[in-house]
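Participant: Okay, here's the structure, questions in a sec.
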Amino acid sequence: MAKGGSGYSEPAGGGRKPGPVNTEFILDMQCKLFRWSHADPNRMFGDVFNLVCDRRTLDYAWRKLTRNRGSRTPGTDGMGRIQVEQRTGGVELFLDEIEAELHSGTYRPQPVRQRMIPKPGKPGKFRPLGIPTLKDRLVQMALKLVLEPIFEADFYPTSFGFRRRRSTHDAIAMIQRQVNPGRWGNSRVAYVIEGDIKGCFDNIDHHRLMERVRRRIRDRKVLRLVLAFLRAGIMVEATVRHPVAGTPQGGIISPLLSNIMLTAIDERYRRWTPGPHETVTSATQRRARDYNSGKATFYIVRYADDFVVLVSGSREAAEAEKDALATFLREELRLELSPEKTLITDVRRGFDFLGYRIVKTRSARTGRFVCKLLIPLDKLQRLRDTIKARTKRPSLRLPLSEIIDSLNPLILGWRSYYRHAMRARREFRKLDWWLSGRIARWLRSKHPKTVRKTLRRFFQREPLGPMRWTDGNAQLRWFWEGATAPYPFRGTKITNGWDTVGEAWSGDRPADFWPMLNMLAAAR
6 MAKGGSGYSE PAGGGRKPGP VNTEFILDMQ CKLFRWSHAD PNRMFGDVFN LVCDRRTLDY
66 AWRKLTRNRG SRTPGTDGMG RIQVEQRTGG VELFLDEIEA ELHSGTYRPQ PVRQRMIPKP
126 GKPGKFRPLG IPTLKDRLVQ MALKLVLEPI FEADFYPTSF GFRRRRSTHD AIAMIQRQVN
186 PGRWGNSRVA YVIEGDIKGC FDNIDHHRLM ERVRRRIRDR KVLRLVLAFL RAGIMVEATV
246 RHPVAGTPQG GIISPLLSNI MLTAIDERYR RWTPGPHETV TSATQRRARD YNSGKATFYI
306 VRYADDFVVL VSGSREAAEA EKDALATFLR EELRLELSPE KTLITDVRRG FDFLGYRIVK
366 TRSARTGRFV CKLLIPLDKL QRLRDTIKAR TKRPSLRLPL SEIIDSLNPL ILGWRSYYRH
426 AMRARREFRK LDWWLSGRIA RWLRSKHPKT VRKTLRRFFQ REPLGPMRWT DGNAQLRWFW
486 EGATAPYPFR GTKITNGWDT VGEAWSGDRP ADFWPMLNML AAAR
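Sequential numbering from 6 applies to the sequence shown in the working numbering.
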């Protein structure tokens, strides 16, 4: 197998096979790409454009794309999923046209349609969202299916944003691991640098990003395709603007490209944080040697462009590192730290990260300093404001069932996210008491001539559980019903689904390989 080639060989029998074989093809391809990339950090991949153009890749990309309701949203060409399915030839003709354009080299991304989305909790502030055409989203999805496993092998275990099978809770659990006491005593983490990059996605330098992409990809067709997406125009009020920097937010491939770029920040701290190709023990020993010799050590935890640097040292060392980091971002990545939002905080005073309040405080049971997760007060107030907005006077014309249907997803999502906080059940009980009163007042305003006892008799039920507000089949959920428990720390070697399957064989595949993939695909 020539080094640099994709090296992919089709399954025995060849040809296009219908149905689940597409899933097998994609999973086998991604496992191989990840395995080869992980085995050789210096390997460059060529001839991967054929994988992007493969009809099975496009078929799988279409199925994956249409699972999202956003596929109905048209771009600048006015085409959404429904329009594609209803036109003559349908999806098959649509995919045939894309495949032909890619192979002939005539494919060109269209300008994205820009919409301004309000920032949650920041009245009057908006962020731009780019909506590519459905054809461009499909090609981006196919490109992502091929590039993601290659670059996933280079991402650091302390990076969690927009990566398979990683979540915000994993990032928070990593911080807890570093702040909680270990076998040798209390944690040495004293300060934290709360990083905030000014307009990160809008200011990513195309040249620096392409330099990092070329470290792994040498296929010129793929490189031209990535650059074409970066330079695709942005349509704002019927005027097309061509950006010189930034990745359009809303593009399917944008999170992957931003991770490729921001991995440079993780590499800056590779002496103290475990790398993608080494064990945790090596980084731990380096931190211990530096700390014992009187040097400050730093540990980064990053979720996309949100990151914190845990400082084991003095405040002066944290201040110096903040300035050095700002210089590094400006000179190496051409990005700027936001001076008013990049703060240095004593971990005992606490800091906010990914929606949680993280505080290092003394345990009442053991007396040791531990990391506690709390629900921020501003998040609680924002939740109450949202519920108030949905139950204001204009909503009195709606039946209670519609109010319940609008509140239940909010309740379920909120309690699922914050159920790992300390004393979460206590806060949930307070919210339920307040919410029940809010619904009662809403009903009294809607039916002013009906006494309270009658309202409760008509709209409260006890269906095999606690008393709850109901209207027909709609039943209001409660916050306290969600199970509360600490989030388990999953270590640094969190599986991405490609490593476990990719390590299941060495050399030739066993005879039962394809049945095994069928079982894995069904489980996914």
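For glycine and all other residues, C-beta sits at the position ideal for the given N, C-alpha and C.
Applying the 10 Å Cβ sphere with the 16-neighbour rule, what's the burial state of tryptophan 189?
Facilitator: exposed
Participant: Going by Cα to Cα distance, which pick from Tyr65, Ala178, Lys149 is closest to proline 491?
Facilitator: Ala178
Participant: Could you compute how far the alpha carbon of proline 125 sits from the alpha carbon of phenylalanine 131?
Facilitator: 9 Å
Participant: Less than 8 Å between the beta carbons of proline 133 and methionine 121, yes or no?
Facilitator: Contact: yes.
Participant: Just to confirm before moving on: does the CB-CB distance between proline 279 and alanine 288 stay below 8 Å?
Facilitator: yes
Participant: Name the residue from Leu440, Leu98, Ala325, Arg320 whose alpha carbon lies nearest to the alpha carbon of valine 352.
Facilitator: Closest in alpha carbon position to valine 352, among Leu440, Leu98, Ala325, Arg320, is Arg320.
Participant: Which residues mark the beginning and the end of the beta strand (DSSP E) in which threonine 302 is found?
Facilitator: Here the beta strand (DSSP E) through threonine 302 covers 302 to 308.
Participant: Hey, is valine 96 close to the ligand GTP, as in C-beta under 7 Å from one of its heavy atoms?
Facilitator: For the ligand GTP, the structure offers nothing, since it holds no ligand at all.
Participant: Below 8 Å on the Cβ atoms is my contact criterion, and I expect valine 89 with tyrosine 112 to pass it. Report the Cβ-Cβ distance as a whole number of Å.
Facilitator: That pair is no contact at about 17 Å.
Participant: Need the endpoints of the beta strand (DSSP E) that arginine 120 sits in, please.
Facilitator: 117 to 123
Participant: Quick one: what's got a C-beta closer than 8 Å to aspartate 390's C-beta in the same chain, skipping five residues either side?
Facilitator: none
Participant: According to DSSP, simplified to helix, strand and coil, what is glycine 418?
Facilitator: helix
Participant: Buried or exposed: where does leucine 338 fall if 16 or more other Cβ atoms within 10 Å of its Cβ makes it buried?
Facilitator: buried
Participant: Rounded to whole angstroms, how far is the Cβ of glutamine 115 from the Cβ of leucine 315, which I believe are closer than 8 Å?
Facilitator: The Cβ separation is near 44 Å, so there is no contact.
Participant: Looking at the secondary structure, which residues open and close the beta strand (DSSP E) in which tryptophan 474 lies?
Facilitator: 473 to 476
Participant: For the putative contact between arginine 430 and tryptophan 485, defined by C-beta atoms under 8 Å, what is the C-beta separation to the nearest angstrom?
Facilitator: 6 Å
Participant: For a minimum of 3 consecutive residues, which ranges assigned as the beta strand (DSSP E) are wholly contained in the segment 424 to 486?
Facilitator: 473 to 476
Participant: Tryptophan 510: buried (16+ other C-beta within 10 angstroms of its C-beta) or exposed?
Facilitator: With a pLDDT of only 36 at tryptophan 510, under the threshold of 50, the placement of this residue in the model should not be trusted; the figure read from the coordinates follows. Exposed: under 16 other Cβ atoms inside 10 Å.
Participant: Distance, Cα to Cα, isoleucine 416 vs tryptophan 483?
Facilitator: 7 Å
Participant: Taking buried to mean at least 16 other C-beta atoms within 10 Å of its own C-beta, is arginine 68 buried or exposed?
Facilitator: exposed
Participant: Contact check, tyrosine 296 vs leucine 359 under 8 Å by CB: the rounded distance?
Facilitator: That pair is no contact at about 27 Å.
Participant: Restricting to runs no shorter than 4 residues, where is the alpha helix (DSSP H) found entirely within the segment 224 to 280?
Facilitator: Entirely contained in the segment 224 to 280, the alpha helix (DSSP H) runs reaching 4 residues are, in chain order, 225 to 235, 259 to 273.
Participant: Would you decide whether valine 285 is buried or exposed? Buried here means 16 or more other CB atoms lie within 10 Å of its CB.
Facilitator: exposed
Participant: Look at the alpha carbon of cysteine 376 and the alpha carbon of alanine 158, and state the distance between them as a whole number of angstroms.
Facilitator: The alpha-carbon separation between cysteine 376 and alanine 158 amounts to approximately 30 Å.
Participant: Taking the alpha carbon of glutamate 104 as the point to measure from, which residue in Thr173, Arg276, Asp64, Arg40 has its own alpha carbon closest?
Facilitator: Asp64
Participant: Within 8 Å of any Cβ in chain B, is that where the Cβ of phenylalanine 99 sits?
Facilitator: Given the protein chain composition of this structure (a single chain), no chain B is represented.
Participant: For the beta strand (DSSP E) holding arginine 213, just list the boundary residues, first then last.
Facilitator: Taken as a continuous stretch (DSSP letters only), arginine 213 belongs to no beta strand (DSSP E), being part of the alpha helix (DSSP H) at 211 to 218.
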